[in-house]
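S.K.: Heads up, the sequence shown is in the working numbering, so the first residue is 15 and it goes up one at a time.
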Amino acid sequence: MECSRMINREDLGDGTHPLLFFLGDGDEKHPRANSLLVGEILIDAGITPSVMQEISKEHTINKILLSHWHEDHVSGVRCFPGAQVECHVLDKHPIISFNDMVELYGQEILHDDFLTYMKYYHLQESTIEKTFTGGEIKHASTGQQVKIIHAPGHSAGHSCFHVIPNDILFMIDTWVPGLGPWYGARDASISSYLETTRMLRSLDADRALLSHSNKILENDELNGLLDEIVRIIQDRNSRLMNGLKETMPMSLDAIRRKPVLPGDMASFEEPFNKSRTIAIRNHLAFLEETGKIISTPRGFLLT
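1) How about the region 211–227 and the region 307–314: do they share at least three Cβ pairs that are nearer than 8 Å?
2) Bridge partners for Ser309 per DSSP, in chain order?
3) What's the C-alpha gap between Thr141 and Ile186?
4) Under the DSSP definition of a beta bridge, which residues are partnered with Cys101?
5) Is the region 168–176 in contact with the region 80–91, if contact means three or more CB pairs nearer than 8 Å?
6) Three-state secondary structure (DSSP) at Phe94?
7) Is DSSP giving Met262 helix, strand or coil here?
8) Can you name the start and end residues of the beta strand (DSSP E) that Ser49 belongs to?
9) DSSP state of Lys288, grouped into three classes?
10) Nearest-angstrom Cα distance between Cys101 and Gly60?
11) Per DSSP, what kind of secondary structure is Glu85 in: helix, strand or coil?
12) What are the start and end residues of the alpha helix (DSSP H) that includes Asp127?
13) Can you list, in chain order, the residues of its chain whose CB lies under 8 Å from that of Met255, leaving out five sequence neighbours each side?
14) Starting from the C-beta of Met279, find all residues in its chain whose C-beta is less than 7 Å away, skip the five residues before and the five after it, and write them out in chain order.
15) What residue range is occupied by the uninterrupted alpha helix (DSSP H) comprising Gln248?
16) Do you know offhand how far Phe282's Cα is from Thr156's?
17) What would DSSP say about Ile109, mapped onto helix, strand or coil?
18) Closest by CA to Gly38, which one among Asn233, Asn22, Lys161 and Pro32?
19) If you draw a straight line from the alpha carbon of Ser111 to that of Ile69, how long is it in whole angstroms?
20) The beta strand (DSSP E) spanning Gln159 covers which residue range?
21) Tell me the rounded alpha-carbon separation between Arg215 and Ile243.
22) So, with DSSP's three-state summary, where would you put Asp58?
23) Residue range of the alpha helix (DSSP H) that Ile69 falls in?
24) Under the assumption that Ser203 contacts Tyr197 (Cβ atoms under 8 Å), give the Cβ distance between them as a whole number of angstroms.
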């Protein structure tokens with residue numbers, strides 16, 4: 015068990031409706047993510063286990079809503095043995111099974127190394143008592159409501175949460191600082207990502223939060239960020255297509271060497287290096303879906 019420590023938090027309540035934003039270690043980077051407490055409902059459980067243990071001492075947590083299956087959002091579930099844990103139905107299996115998580119990360123070859131990585135961060139397979147599909151409303155004893163918003167793209171079941179009446183949208187990993195929009199797992203989808211940006215904009219939330227930033231976004235900043243997500247995806251698509259020809263196929267190996275994705279991905283720990291290739295594959299799948307390119311046994315061509 016880790017030692018007790020000071021909890022880094024922001025009180026976002028309005029005096030009547032309490033709302034606590036718990037920040038992950040240091041600069042909130044992987045593998046620690048922020049959490050939001052609405053009454054007795056905790057959204058995500060990826061902060062340092064020692065911090066989760068302190069939260070469990072200070073607050074009664076009856077329900078945990080997991081935004082998606084990635085390890086930096088689920089690692090602290092074990093610190094709340096009495097809470098009912100829920101997630102989107104599409105993300106249930108990789109949460110309850112490391113083997114399914116390994117498969118979605120495309121790490122079958124590095125299976126043992128991946129599991130060693132998981133154990134290093136004290137990750138355990140979790141039990142999911144209930145699943146949701148999006149649109150459900152969870153009621154807190156404080157009179158607040160948490161509306162579940164299915165927001166796929168980052169993962170198949172990636173979900174955001176709109177807290178009412180505070181009118182705060184927890185956007186989770188719709189934007190990851192340093193990476194921008196990220197879709198480096200096999201269940202990620204760029205077409206879904208773009209649809210999610212349109213849907214989140216329609217909510218017109220007063221403020222927004224992210225899982226890997228301590229910044230509280232005002233409405234205009236939220237809309238600007240959604241615009242930036244679309245711009246970045248379009249720019250990455252353009253850079254990926256640059257150099258492709260109509261008659262001479264380009265191999266996946268050549269394409270993934272293109273400067274399409276953030277350079278700091280190269281510094282990721284070994285089990286996650288493959289996420290860069292998967293992200294490129296997701297771009298190629300999107301471009302093929304939209305009729306911009308075609309795949310051949312020898313590589314990819316412009317249409």
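The beta carbon of each residue, even a glycine, is placed where N, CA and C say it ideally should be.
M.R.: Answer, in terms of the structure:
1) no
2) Within the sequence shown, numbered from 1, the residue matching residue 309 stands at position 295. Bridge pairing for Ser309: Phe314 [DSSP].
3) Taking the sequence shown and counting its residues from 1, one reaches residue 141 at position 127. Taking the sequence shown and counting its residues from 1, one reaches residue 186 at position 172. Answer to the nearest angstrom: the Cα atoms are 21 Å apart.
4) Start at 1 with the first residue of the sequence shown, and residue 101 comes out as number 87. As a beta-bridge residue in DSSP terms, Cys101 pairs with Thr145.
5) yes
6) Taking the sequence shown and counting its residues from 1, the one referred to as residue 94 is at position 80. DSSP places Phe94 in coil when its eight states are reduced to three.
7) Counted from its first residue, the sequence shown places residue 262 at position 248. Three-state DSSP puts Met262 in coil, outside helix and strand.
8) Here residue 49 refers to the residue found at position 35 when the sequence shown is read from its first residue. First-last of the beta strand (DSSP E) with Ser49: Ser49 to Val52.
9) The count along the sequence shown starts at 1 and reaches residue 288 at position 274. Correct three-state label for Lys288: helix.
10) For the purposes of this step, residue 101 is taken as residue 87 along the sequence shown, with counting starting at 1. For the purposes of this step, residue 60 is taken as residue 46 along the sequence shown, with counting starting at 1. For Cys101 and Gly60, the distance between alpha carbons rounds to 14 Å.
11) In the sequence shown, counting from the first residue as 1, residue 85 sits at position 71. Glu85: helix per DSSP, three-state reduction.
12) In the sequence shown, the residue the question calls residue 127 occupies position 113. Its alpha helix (DSSP H) spans residues His125 to Tyr134.
13) On the sequence shown, residue 255 is found 241 positions in, with the first residue counted as 1. If we look at Met255 and ignore the five residues flanking it on each side, its Cβ neighbours are Leu301, Lys306, Ile307 and Leu316.
14) As a position in the sequence shown, residue 279 is number 265, starting the count at 1. Only weak support is given to the placement of Met279: the predicted model assigns it a pLDDT of 45, under 50, and the value that follows is read from those uncertain coordinates. Within the same chain, Met279 has close Cβ partners Arg290.
15) The residue you call residue 248 lines up with position 234 of the sequence shown. Residues Asn233 to Met255.
16) To locate residue 282, count along the sequence shown from 1; it is residue 268. To locate residue 156, count along the sequence shown from 1; it is residue 142. Any reading at Phe282 must be qualified, since the residue scores a pLDDT of 47, below 50, and its modelled position is unreliable; the value itself is stated next. Distance between the alpha carbons of Phe282 and Thr156: 41 Å.
17) Working through the sequence shown from its first residue, we reach residue 109 at position 95. Ile109: helix per DSSP, three-state reduction.
18) By 1-based counting over the sequence shown, the position of residue 38 is 24. Closest option to Gly38, Cα to Cα, is Asn22.
19) Here the question's residue 111 lines up with position 97 in the sequence shown. Here the question's residue 69 lines up with position 55 in the sequence shown. About 26 Å.
20) By one-based count along the sequence shown, residue 159 stands at place 145. Taken as a continuous stretch (DSSP letters only), the beta strand (DSSP E) holding Gln159 covers Gln159 to His164.
21) For the purposes of this step, residue 215 is identified with residue 201 of the sequence shown, where counting begins at 1. For the purposes of this step, residue 243 is identified with residue 229 of the sequence shown, where counting begins at 1. Roughly 12 Å between the two C-alpha positions.
22) Counted from its first residue, the sequence shown places residue 58 at position 44. Note: Asp58 maps to coil in three-state DSSP.
23) By one-based count along the sequence shown, residue 69 stands at place 55. From DSSP, the alpha helix (DSSP H) with Ile69 extends over Pro63 to Glu72.
24) Here residue 203 is taken as the residue at index 189 of the sequence shown, counted from 1. Here residue 197 is taken as the residue at index 183 of the sequence shown, counted from 1. Right, the Cβ-Cβ distance comes to about 7 Å (below 8 Å), so this counts as a contact.
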